[in-house]
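Working notes for the structure below.
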Amino acid sequence: MLRQVTAGVDGSAESLAAAHWAAREALRRGAALRLVHAWTWHPRPAPSVPAGTSERDWAEQTLDRAVGSVRAAHSGLRIVAGLVPGSAVDALLTAAAEAELLVLGSSGLGGLGGLGGLGGLSGLSGLSGVAGVAVGSVSQRVVAGSPHPVVLVRAGATSADEHLPVSDGVSPEEIPETPYRDVVLGLDARRPRDELIEFAFEAARLRAAGLRVVRAFGVPSAEVAGPRTDLLLPWREKFPGVPVTEIVCEGRTATALVRASSRASLVVVGRRTRAGRLGTHIGPVTHAVLHHAACPVAVVPHA
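Here the sequence shown is numbered in this note's numbering, starting from 561 and rising by one per residue.
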């Protein structure tokens, strides 16, 4: 089966940034890029569809614009694209099941303000042709239900943001040669998950970047203050080329991860796949990081 990184596109600035991020990730992984756009016929076209244009034609034009933009930036990348029938959530979950990684656009909030309240995930703008979907419900439901990792990317995110700062006079063509910023992993030492740790190490390896592992605690405990087992030792041995820095800090885990995101190329957090009484959910820490992080966020499902 063809290895694929998939991005959902809807004509928004967020989804275009996601498509370009997915293209760069596909190149890093040696995979193809798949661009998908959800399309469903409605008796009355959505307000976003121009007068005199059918919903299907508008959907095809939206997809074509995204393909053209990505192809212009990455001429050597294999790109497959197509309309996916069904609601936005169903279409994206189907696409996620068929991909190594699904990439979506997110408006988020950005910055370090407002960390006291863990507000709702802003999520994707509604996909064109999809009516009556509240902002954020699409991305939140896809992140909560995807069997594979999902990355959310903000509008305006560029290749330069993934790399360390460069001096004036450096051309855009030279940016990929600049070292990447670290990958940040939020780790719960009480419940370390192999899927989450391996994804973070592999992301750092693909970027030849360092890995910063963040552990936060509310009050001093025997686990933090006393001797502890190196939970990462097997992974250090498996990925010997990845330099690892472990950061143990007092405070809320979400706050620590959001602060670390300002100097990172990617933040990696987890999501339990087991449904609770109210169904699947993404957890308060992941919810907050998605809402406030300053860089792309990968959500990795685990048991």
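No residue lacks a Cβ here, since even glycine has one placed at the ideal position from N, Cα and C.
CB of residue i within 8 Å of CB of residue j, strictly
i	j	result
V773	L745	yes
A655	V596	yes
L826	V703	no
A749	L791	yes
V569	A659	no
W599	E615	yes
R831	I842	yes
P747	R775	What sits at residue 747 in the sequence shown is Leu, not Pro. Yes, the pair counts as a contact, with Cβ atoms nearer than the cut-off.
V627	A641	yes
L593	E620	no
A579	V630	yes
L712	L850	yes
S719	P736	yes
L637	A586	yes
F761	E810	no
Residue(s) in a DSSP beta bridge with residue i
i	result
A824	D742
E806	V773
H723	Y740
A853	Beta-bridge pairing links A853 to no other residue.
T566	R594, L662
L712	L664, V857
H862	R832
Contact belief for residue i with residue j at Cβ below 8 Å, rounded distance in angstroms
i	j	result
A814	A768	The pair is not a contact, with the Cβ atoms about 28 Å apart (cut-off 8 Å).
R563	A591	4 Å
R751	L724	Wrong, their Cβ atoms sit about 32 Å apart, outside the cutoff.
P803	S706	No, P803 and S706 are not in contact; Cβ-Cβ is about 30 Å, not under 8 Å.
R753	F799	With a Cβ gap of about 16 Å, R753 and F799 do not count as contacting.
H708	A657	7 Å
A853	S821	4 Å
Interface flag, residue i vs chain E, CB-CB below 8 Å
i	result
D617	The chain inventory of the structure shown lacks chain E, comprising one protein chain alone.
Distance cut-off 7 Å: residue i Cβ against heavy atoms of the ligand GDP
i	result
S719	Ligands in the displayed structure: none, and consequently the ligand GDP is not present.
* May I ask you to verify whether the segment 603 to 615 touches the segment 643 to 657, counting CB pairs closer than 8 Å and requiring at least 3? => Too few Cβ pairs lie closer than 8 Å, so no.
* Mind the definition here: the segment 696 to 707 touches the segment 657 to 664 only if three or more C-beta pairs lie below 8 Å; say whether that holds. => At 8 Å Cβ cutoff, the stretches touch.
* To do: Take every Cβ of the segment 849 to 863, pair it with every Cβ of the segment 812 to 827, and state whether three or more of those distances are shorter than 8 Å.
  => Cβ pair count under 8 Å is three or more, so yes.
* Please go through the segment 600 to 658 and give each complete alpha helix (DSSP H) segment of 4 or more residues, from N-terminal end onward. => At a cut-off of 4 residues, the continuous stretches assigned as alpha helix (DSSP H) that sit fully inside the segment 600 to 658 are 615 to 633, 648 to 657.
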